[in-house]
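Quick note on numbering: the sequence shown equals residues 25 to 436 in our numbering. By construction, the Cβ of each residue, glycine as well, lies at the ideal position given by its N, Cα and C atoms. Fair warning: this is a prediction, and the values are worked out from it, not measured in the lab. Note sheet for the following structure.
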Amino acid sequence: FVVVGLIDLPGQIAVDLPAGGLVVLLGLFVPLALLVSGVLLLLSGYAKSYKEYQIYFFPVIWVFLVPALAAGVPGMELRSAVAFAPLAGVAVAVREVMTGDFDWPFLAIAFLSTGAAAWASVVAASRTLSTERLISTAELDEADLVGGAALFPRYVLTWFGGLWVALLLISLWFGEALGLRGQVVVNLVGLFLGGSLLMLRHYRLPVREALALRAPHPLVWPAVLVGAPAALITGLGVSHLAQYVFPVPERLLESFGQYLSPEALPLWQVVLFLAVLPGVCEEIAFRGVLLHGLKGRLRPVALALAAGAVFGLFHVSLFRIVPTAYLGTILAAVVLITGSIYPAMLWHALNNAAALVPARQGWVQPEQELPAWVYAGAVVALAWAFSVLWRVRRPLPGVKGWTKARPGRVGA
25 FVVVGLIDLP
35 GQIAVDLPAG
45 GLVVLLGLFV
55 PLALLVSGVL
65 LLLSGYAKSY
75 KEYQIYFFPV
85 IWVFLVPALA
95 AGVPGMELRS
105 AVAFAPLAGV
115 AVAVREVMTG
125 DFDWPFLAIA
135 FLSTGAAAWA
145 SVVAASRTLS
155 TERLISTAEL
165 DEADLVGGAA
175 LFPRYVLTWF
185 GGLWVALLLI
195 SLWFGEALGL
205 RGQVVVNLVG
215 LFLGGSLLML
225 RHYRLPVREA
235 LALRAPHPLV
245 WPAVLVGAPA
255 ALITGLGVSH
265 LAQYVFPVPE
275 RLLESFGQYL
285 SPEALPLWQV
295 VLFLAVLPGV
305 CEEIAFRGVL
315 LHGLKGRLRP
325 VALALAAGAV
335 FGLFHVSLFR
345 IVPTAYLGTI
355 LAAVVLITGS
365 IYPAMLWHAL
375 NNAAALVPAR
385 QGWVQPEQEL
395 PAWVYAGAVV
405 ALAWAFSVLW
415 RVRRPLPGVK
425 GWTKARPGRV
435 GA
């Protein structure tokens, strides 16, 4: 409306966008509109009532905001792998068009990537809306009749969507006022631990089973001591690879590192707030309650990847999502193989401590590059750790695809 002259802006505000740019913007918004519409239709087919639809609606809309934030990341350019990411590519493309930069090949890639996602969502919505459940009069299934724990798998992602929204709003509105320690207490203890306890109580979940509170095999512990630092190093490699997709300015990384380990914070508080509490509270939420809610719906590999992806999305900074999702996948695999949350708690705490303490004490320099042989050694060490876990495995009960024919054996 501004470009075609239907709306007059104040004199101090100017928009310099040619008519051709307006056409390009409209074209970019077409697959975006189809994607949002397809997802909302898919949601309407999945929900059994208007009330249930409203429960899903708000978290889904917020999930759309995560890739859209790519346009606000300093140094993010369309001429990169971000163009292949649905939503994120269009967001960056719109920003560049608004600045008068028309990179036609990558504009086309951004259009096609989001268009492919839109097509998939429309097809999925069409199939969902054609199911017998929607055209029959039987609206209740066994879970509706039983209630309680039987309903939890259906709503677990909705609960975590609500936690994600709360985490984002707290960070945006109160992050600076709370400070590092305040945010850790509110987010980890209040949201993750408190939210997990609320879900356990609301759905009357068996605590020991839901949180995988079982003793692992004794040989698990030395495997964890080797695997945690090895996974940290391989995670650094994953982070470097992710920067080819989401390039991050070095200054932003340095600022983030200084925020996580301020000089005024004593070392014991760094370990407590950034290693011990995450190792306990985040594991209870993501490798306890979340894994319990999803384990009957997904096979082991898909389950570990899904739990890792959700864990990554809770670290909303784009440059942290991929390496954190990698760590979340590793930790989910540890719980699935050992059948216990305790090794994952220790692994998580060791990972965070090993990432923070050496740099804080000056043993390593933040800009120090690791040689290739260190990454290779870490891969070997991580493989050895998981081979030990596999040999003494006690698979998590109730996971879709675990066979029960022979104790200690795992089916595909």
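Quiz item: Between the stretch 261-270 and the stretch 379-392, do at least 3 Cβ pairs fall closer than 8 Å?
Solution: no
Quiz item: Just to confirm, are residue 151 and residue 127 a CB contact at a threshold of 8 Å?
Solution: no
Quiz item: Among 251, 116 and 367, which one has its Cα closest to the Cα of residue 49?
Solution: 116
Quiz prompt | Proximity winner among 119, 402, 393 and 318, relative to residue 257 (alpha-carbon distances) | solution = 402
Quiz prompt | residue 308, DSSP secondary structure in three states | solution = helix
Quiz item: By Cβ distance below 6 Å, which residues in the same chain neighbour residue 346 in space, the five residues on each side in sequence not counted?
Solution: 266
Practice problem: With a floor of 4 residues, list each alpha helix (DSSP H) that falls wholly inside the stretch 205-242, ordered by position along the chain. | Solution: 218-226 and 231-234
Practice problem: Please determine, among 420, 252 and 245, the residue with the shortest C-alpha to C-alpha distance to residue 377. | Solution: 252
Self-check item: residue 182 - DSSP class collapsed to helix/strand/coil
Solution: Residue 182 sits in a helix when the DSSP states are folded into three classes.
Quiz item: Which residues in the same chain as residue 163 place their Cβ atom closer than 7 Å to its Cβ, once the five residues preceding and following it in sequence are excluded?
Solution: Because the pLDDT at residue 163 is just 47, under 50, the model does not fix this residue reliably, and the point stays unresolved.
Quiz item: Can the beta-carbon of residue 338 be found closer than 8 Å to that of residue 191?
Solution: yes
Quiz item: Hey, residue 364 and residue 240 are a contact pair by Cβ (cut 8 Å); roughly how many whole angstroms apart?
Solution: 4 Å
Exercise. Give the DSSP-derived three-state secondary structure of residue 350 in the structure shown.
Key: Residue 350: helix per DSSP, three-state reduction.
Quiz item: For the alpha helix (DSSP H) that contains residue 399, what are its first and last residues?
Solution: Its alpha helix (DSSP H) spans residues 396-415.
Exercise. Alpha carbon to alpha carbon, how far is residue 290 from residue 254? Give it in angstroms, no decimals.
Key: 26 Å
Exercise. Could you check how far apart the C-beta atoms of residue 210 and residue 202 are, in whole angstroms? I think they sit under 8 Å.
Key: 6 Å
Quiz item: Going by other Cβ atoms of all chains shown within 10 Å of its Cβ, with 16 needed for buried, is residue 42 buried or exposed?
Solution: By the 10 Å Cβ count, residue 42 comes out exposed.
Quiz item: Can you tell me whether DSSP reads residue 197 as helix, strand or coil?
Solution: helix
Quiz item: Taking contact to mean at least 3 C-beta pairs separated by less than 8 Å, is the stretch 227-244 in contact with the stretch 324-332?
Solution: These segments do not touch.
Self-check item: Which listed residue (235, 52, 180 and 107) has its alpha carbon closest to that of residue 83
Solution: 180
Quiz prompt | residue 402 at chain C interface by Cβ criterion, 8 Å | solution = No chain C appears in the structure shown, which is made up of a single protein chain.
Quiz item: Would a C-beta distance cut-off of 8 Å place residue 212 and residue 305 closer than the cut-off?
Solution: Less than 8 Å divides the Cβ of residue 212 from the Cβ of residue 305.
Practice problem: Say yes only if the C-beta of residue 185 is nearer than 7 Å to one or more non-hydrogen atoms of the ligand GTP, and no if none qualify. | Solution: Although the ligand GTP was asked about, the structure shown includes no ligands whatsoever.
Quiz prompt | residue 235 to residue 307 span [Cα, whole Å] | solution = 9 Å
Quiz item: What is the DSSP secondary structure of residue 387, reduced to helix, strand or coil?
Solution: coil
Self-check item: Which of helix, strand or coil DSSP assigns to residue 293
Solution: DSSP places residue 293 in helix when its eight states are reduced to three.
Quiz prompt | Terminal residues of the alpha helix (DSSP H) in which residue 147 lies | solution = 128-153
Quiz item: What distance in whole Å lies between the Cβ atoms of residue 418 and residue 362, which are believed to be in contact at a cut-off of 8 Å?
Solution: 6 Å
Quiz prompt | Limits of the unbroken alpha helix (DSSP H) element including residue 122 | solution = Start and end: 112-122.
Quiz item: So residue 61 is in the alpha helix (DSSP H); what residue range does that whole segment cover?
Solution: 43-70
Quiz item: Rounded to a whole number of angstroms, what is the C-alpha to C-alpha distance between residue 294 and residue 380?
Solution: 8 Å
Exercise. Under 8 Å by Cβ, that's how I've got residue 424 and residue 317 pegged, so tell me the actual separation to the nearest angstrom.
Key: 13 Å between Cβ atoms; not a contact.
Quiz item: Going along the chain, which residues of its own chain have a beta-carbon closer than 7 Å to the beta-carbon of residue 357, five neighbours each way excluded?
Solution: 328
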